[in-house]
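Student: Add 65 to a position in the sequence shown, counting from 1, and you land on the number used in the numbering used here. Where is the CB? At the ideal position from N, CA and C, for every residue including glycine.
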Amino acid sequence: RTASSHKIIIMGAKSALEQLEDLIADLEAKLNLAPGADPVVATDNKKPQQQQQKQQKKKEKKQAAKQNAGKAKGGAAAPVDPNLPDICKLEFKVGVITKAWVHPDADKLYCEEIDCGEEAPRQIASGLRAHYSLEEMQGQRLLVVSNLKAKNLVGFKSFGMVLCAAETNEDGTEKVEFVEPPEGAPLGEVVTFEGLPPPAPFSASQVEKKKLFAACMSGMKTNDKCEGTFNGATFLTTAGPCKAKSIKGGAMR
């Protein structure tokens with residue numbers, strides 16, 4: 066009897082052990098663990114992989130952000146030449162007025178829509194009502210200073226300015242004329258300057274901060290051929306120089 070009862074106890078113990086092993090195997094399967102693997106070790110092995118993946122994603126995001134920033138600025142930014150003339154940091158684009166109207170709240174201002182070869186026309190306000198009729202404004206070809214910070218002019222947001230030449234008449238009044246590109250110059254073309262490096266336009270915020278347009282004003286004048294110049298360097302397009310109709314030696318602004 067004693068031997069038989071011992072056998073029953075041993076058999077019962079093996080059965081319980083097998084059941085426990087079955088439970089462990091089932092749990093391993095649910096946790097995707099290899100048979101006999103330590104779950105703590107397996108979890109620890111996953112953590113470095115997850116951290117590496119996160120770091121890789123962060124790097125990819127940073128690279129994408131840099132690329133997008135470069136595209137927004139017109140491509141990869143090259144080092145700025147410290148000797149680059151200030152006029153080459155401004156951007157003058159060929160444009161044409163497609164629509165003009167009287168500013169409803171300002172006696173001296175016209176409001177214009179100007180096609181500069183961009184996705185949409187630019188809205189610009191100009192103080193030219195004393196010098197041009199509304200009819201003369203329509204279809205007028207001109208140059209737009211296109212990398213200036215937008216200004217709110219009596220409730221009208223102006224995205225740039227038109228470039229004109231001016232001189233004082235004998236009676237003290239002022240004569241103002243557009244600095245016009247030649248007929249063959251395509252809309253949107255950026256003006257270059259004879260004998261100077263190609264333009265490398267600064268951002269609008271940089272132009273504002275460094276007061277670049279104001280710094281160039283003393284050097285911008287028409288010559289004896291009525292051509293726009295900066296310290297003698299002619300404003301050029303692929304179709305020829307830009308010029309006023311009749312003003313010689315006039316300040317450009």
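Does the Cβ of Asp172 have 16 or more other Cβ atoms within 10 Å, making it buried, or fewer, making it exposed?
Tutor: Answer is exposed; the Cβ neighbour count stays below 16.
Student: Could you give the DSSP three-state label for Leu88: helix, strand or coil?
Tutor: Looking at Leu88 - three-state DSSP - the assignment turns out to be helix.
Student: Out of Lys240, Ala269, Val209, which one is the CA nearest neighbour of Gly314?
Tutor: Selected option, being the one with the closest Cα: Lys240.
Student: Taking Glu254 as the reference, give the member of Ala231, Cys181, Pro263, Glu201 with the closest Cα.
Tutor: Taking only the C-alpha atoms, the option nearest Glu254 is Cys181.
Student: Asp146: which of Phe295, Asn212, Pro266 sits nearest, CA to CA?
Tutor: Of the listed residues, the one whose Cα sits closest to Asp146 is Pro266.
Student: Bridge partners for Pro306 per DSSP, in chain order?
Tutor: BP columns for Pro306 point to Leu301.
Student: My guess is that Gln188 and Glu200 are in contact by the Cβ rule of under 8 Å, so how many angstroms apart are they, rounded?
Tutor: So it is not a contact: roughly 20 Å between Cβ atoms.
Student: Using a 10 Å radius around the Cβ and a threshold of 16 neighbouring Cβ atoms, would you call Thr233 buried or exposed?
Tutor: Exposed, because fewer than 16 other Cβ atoms sit within 10 Å of the Cβ of Thr233.
Student: Residues in its own chain within less than 6 Å of Glu273 by CB, not counting five upstream and five downstream?
Tutor: Same-chain partners within the cutoff: Lys214.
Student: Under a three-way DSSP split, which group does Cys176 fall into?
Tutor: Reduced to three states, the DSSP call for Cys176 is strand.
Student: With C-beta atoms as the reference, is Cys291 less than 8 Å away from Ser311?
Tutor: A contact, by the Cβ cut-off of 8 Å.
Student: Note the first and the last residue of the continuous alpha helix (DSSP H) segment covering Ser270.
Tutor: Run containing Ser270: 269 to 275, per the alpha helix (DSSP H) assignment.
Student: Leaving out the 5 sequence neighbours to the left and right, which residues in its chain are closer than 7 Å to His168 when beta-carbon positions are compared?
Tutor: Once the five neighbours on either side are set aside, the close Cβ partners of His168 are Leu174, Tyr175, Cys176, Ala190, Val219, Phe221.
Student: Just mark Gly225 as buried or exposed, buried being the case when its beta carbon has 16 or more other beta carbons within 10 Å.
Tutor: Its Cβ being crowded by 16 or more others within 10 Å, Gly225 is buried.
Student: Classify Lys214 as helix, strand or coil using the three-state DSSP reduction.
Tutor: Coil, per DSSP.
Student: Please return the same chain residues whose Cβ sits closer than 8 Å to the Cβ of Pro263, not counting the five positions on each side in sequence.
Tutor: For Pro263, where only same-chain residues beyond five positions count, the Cβ hits under 8 Å are Cys153, Thr257.
Student: How far does the alpha helix (DSSP H) with Glu201 in it extend, from its first residue to its last?
Tutor: Start and end: 199 to 202.
Student: Going by CA-CA distance only, name the one from Thr163, Ile162, Asn212 that's closest to Phe278.
Tutor: Taking only the C-alpha atoms, the option nearest Phe278 is Asn212.
Student: Please list, in chain order, all residues of the same chain as Gly284 whose beta carbon is under 6 Å from its beta carbon, the five residues on each side excluded.
Tutor: Phe295, Asn296.
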